[in-house]
Every structure is written in C-alpha cells, then in structure tokens.
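K.L.:
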Amino acid sequence: MKLLRMAIILALALTLMLAAAGCGFKTGKQDQEPTGTDAKEQVVQIQLGEQVSLEDTSIVGIPVVQDKKLTETLVKEKEVANGQVYFSGEDWAIGTMIIEEGVSGEQVKKLAEKYANDIKKNYPDKKVNVQAVGNGVNLANIIIE
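Read in order, the letters of the sequence shown are residues 13 to 157 in my numbering.
(1) How is the alpha helix (DSSP H) around Gly-186 delimited, first residue to last?
(2) Between Asn-94 and the rest of its own chain, which residues show a CB-CB distance below 7 Å, the 5 nearest in sequence each way excluded?
(3) Let's test the definition: count the other Cβ atoms within 10 Å of the Cβ of Gly-214 and tell me whether it reaches 16, buried, or not, exposed.
(4) Would you call the CB atoms of Gln-143 and Thr-108 closer than 8 Å?
(5) Roughly how many angstroms lie between the CA atoms of Glu-45 and Leu-15, to the nearest whole one?
(6) Between the alpha carbons of Gly-148 and Ala-31, how many angstroms are there, rounded?
(7) What residues match up with Tyr-98 in a beta bridge as DSSP calls it?
(8) If we ignore side chains and look at the alpha-carbon of each, how far apart do Gln-119 and Gln-96 end up?
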C-alpha cells in the first residue's frame, strides 16, 4: 500500500513538473521578424527627391522615407519637442509631433492643421495624417484625404 501511495505521489509530481516546463517553453519563432524573401517589399515613389532621403529605420518592415526639410522646419517650432514628417507606403504622408509641456490645446490644433496643410501642399497626391502627442495623450489628429 505504501509503495502504491509513493508511486502515485511520484507520478503527480512528475506530471506537475512536465506541465510547468511545457508552459514555459518557447520556440523562438514567435518573436522573430520576417527576413529575406519572407519580408514584405515596399516600393515608395517620391515626387521631390531632393527633399527626402531613405533612412535605415523601418516601421514593421516598411522603410521609412523622411522629408528632411519639413522635419527640420517642424522641430524648430518652439511648441515641438520632437517630431518628423515621413511616408508610409505609397498613399500616406505622416507628420508626428511630441509637444512641449504647457502648450494649450488650441495652439496644438493650429500647429497640427498648419503642418497638415503644408504637407498636403507639398504632396497633393498623398493622404495626410498629422498627430500631436503631449504628456502621453493624443492632442490632435488631423486627416486630409
């Protein structure tokens, strides 16, 4: 009887250990991004070649093409701590702004609208999205189709 009880306890202990080990097992494939032929290729057409350059960065495997001239103008604004103007795919020109503390919501919306219109003027064939974030909160989201 004691031997049977010990065998059952041992079997339960082994089962629990295997279950715990199985739950923690990772294949490593889940965290890998596609590379080589698995990666999605993206072609971006640029109208004003002298104003943009291809950066080494990417967003989810899509190359980020930045408009350096508009980006430099954007980050010189006193209300803007950081930001950039770039392209996502063939259809979108995007402006992002991180706003300094103490800037009113009205100022942020005016600034976002100004840059949305500037981007649309430079790239009339693209849809435009300008977002402004301050203190972790989205303060403006302007879309021009």
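Note that beta-carbon positions come from the ideal geometry of N, C-alpha and C, so glycine has one too. Remember, it's a predicted structure, so these values are computed and weren't measured experimentally.
P.N.:
On the basis of the data shown:
(1) Residue 186 lies beyond the stretch modelled for the chain, which goes from 13 to 157, so this question has no answer here.
(2) Counting from 1 along the sequence shown, the entry for residue 94 is found at position 82. Shown here for Asn-94: same chain residues with a beta carbon closer than 7 Å to its own, the five before and five after excluded, namely Val-87 and Ile-110 in chain order.
(3) Since the first and last residues shown for the chain are 13 and 157, residue 214 lies out of range.
(4) The residue given as residue 143 occupies position 131 in the sequence shown. The residue given as residue 108 occupies position 96 in the sequence shown. By the CB criterion at 8 Å, Gln-143 and Thr-108 fall inside the cutoff.
(5) Counted from its first residue, the sequence shown places residue 45 at position 33. Counted from its first residue, the sequence shown places residue 15 at position 3. Residue placement at Glu-45 cannot be trusted, given a pLDDT of 48 that sits under 50; the coordinates are not used to answer.
(6) In the sequence shown, residue 148 corresponds to position 136, counting from 1. In the sequence shown, residue 31 corresponds to position 19, counting from 1. If you draw a straight line from the Cα of Gly-148 to the Cα of Ala-31, it is about 40 Å long.
(7) Translated into positions along the sequence shown, residue 98 becomes position 86. For Tyr-98, which the question treats as bridged, DSSP gives the partners Gln-78 and Ile-106.
(8) Residue mapping note: residue 119 aligns to position 107 of the sequence shown, counting from 1. Residue mapping note: residue 96 aligns to position 84 of the sequence shown, counting from 1. Cα-Cα distance, rounded: 18 Å.
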